[in-house]
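Asker: Take any residue in the sequence shown, count from 1 to its spot, add 392: that is its number in my numbering. Think of the CB as a built atom: it goes at the ideal place given N, C-alpha and C, for glycine as much as any other residue. My structure is below; once you've seen it, I'll send some questions.
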Amino acid sequence: MFKGLFQTRKNTMPDTALDLSGIDLNNIPQHIAIIMDGNGRWAKAQGKIRTYGHQAGAETLKKIVRAADKIGIKVISAYAFSTENWKRPVTEVNFIMELLSRYLTNEIDEFKENNVQVRFIGSQEGLPEIVRQKMAHAVAETKDNTGIILNLAINYGGQAEILQAVKRIARDTAAGSIAVDEITNEVFERYLYTDGLPAPDLLIRPGGDLRISNFLLWQIAYAEIWTTDVYWPDFSEEHLLQAIRAFQGRERRFGGLVNK
Ligand code: FPP
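Structure, rendered in structure tokens:
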């Protein structure tokens with residue numbers, strides 16, 4: 393249905409120079425989490441159906457990962473499908489699943505060429521078999537890549553993530569492989585889907601809503617939050633740079649004091 397879009401991407405999206413003015417390249421956030429919101433409203437504003445917006449949103453993600461890689465960001469976590477998104481009409485859910493599946497097939501070469509490592513967070517339960525296969529394939533094909541990590545949240549919910557961690561720790565405690573007093577933040581984090589990744593320094597939410605929407609609840613404890621009214625399909629490299637400039641203007645205290 394949307395095959396052409398992906399096949400023509402390389403010709404339709406030439407790399408453009410990024411305007412890095414005002415950016416301190418020594419203080420780039422390591423990990424940026426993105427809630428890719430506003431696809432449906434973007435499509436509606438153009439008299440199109442919602443799924444058209446998701447398709448455009450997938451293109452935006454590619455563009456932003458490329459830009460993020462260029463400026464030295466190490467991890468992009470992108471919220472592609474939440475545990476709550478199953479409540480949407482079945483046609484929309486099916487479209488997103490098909491989009492993901494095609495994305496993972498069509499982008500594999502680009503991931504390999506650009507040294508992108510693909511990871512997933514979320515529960516595999518309930519996902520179509522074909523999507524699970526494509527996910528496993530993308531992970532296997534890119535696991536040794538050492539460049540930017542694209543961490544896609546699919547069937548992800550922060551509360552569900554914490555709950556599955558608690559259950560697994562409880563089982564390990566009952567089995568005697570860990571003592572209750574040994575459960576520190578660091579130990580707990582090993583039970584989260586994001587094991588091995590640094591916590592996000594910056595959370596970006598386009599689309600105008602000021603919510604966390606169950607994304608990375610544990611991990612964003614000290615993330616700086618940057619929002620914009622721009623809908624995700626219209627989110628550009630310049631918006632990414634704006635968010636980074638804002639991040640660099642913030643005073644991060646992590647609960648402590650900063651001496652001036
Ligand atoms: C939120 O916009 C977006 C989603 C629930 C899905 C995000 C999916 C994509 C960007 C495309 C799939 C991703 C990949 C990697 C292929 P919304 O539908 O809630 O928009 P609205 O708030 O305007 O209704």
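Mind checking which residues open and close the beta strand (DSSP E) that includes W434?
Answerer: Careful: W434 lies outside any beta strand (DSSP E), inside the alpha helix (DSSP H) at N431 to A437.
Asker: Tell me which residues share the same chain as L519 and place their Cβ nearer than 6 Å to its Cβ, disregarding the 5 neighbours each side in the sequence.
Answerer: N547
Asker: I'd like to confirm something about Y583: is its beta-carbon nearer than 8 Å to some heavy atom of the ligand FPP, or not?
Answerer: No, Cβ of Y583 sits at least 8 Å from all heavy atoms of the ligand FPP.
Asker: Entirely within the stretch 524-572 and at least 4 residues each: give me those alpha helix (DSSP H) ranges in chain order.
Answerer: 550-567
Asker: May I ask you to report which of helix, strand or coil DSSP gives V457?
Answerer: helix
Asker: Going by beta carbon distance, what residues of the same chain come within less than 7 Å of L632, once the five residues before and after it are set aside?
Answerer: I456, A459 and A460
Asker: Let me check you understand the geometry: is the CB of D429 closer than 8 Å to at least one non-hydrogen atom of the ligand FPP?
Answerer: Answer for D429: yes, Cβ within range of the ligand FPP.
Asker: Who pairs with H446 in a beta bridge, going by DSSP?
Answerer: DSSP output for H446 lists no bridge partner at all.
Asker: Identify which residue in Y471, I441 and T576 has its Cα closest to the Cα of I427.
Answerer: Y471
Asker: Can you list, in chain order, the residues of its chain whose CB lies under 7 Å from that of I575, leaving out five sequence neighbours each side?
Answerer: I561
Asker: Can you give the Cα-Cα distance for R480 and S474, rounded to whole angstroms?
Answerer: 11 Å
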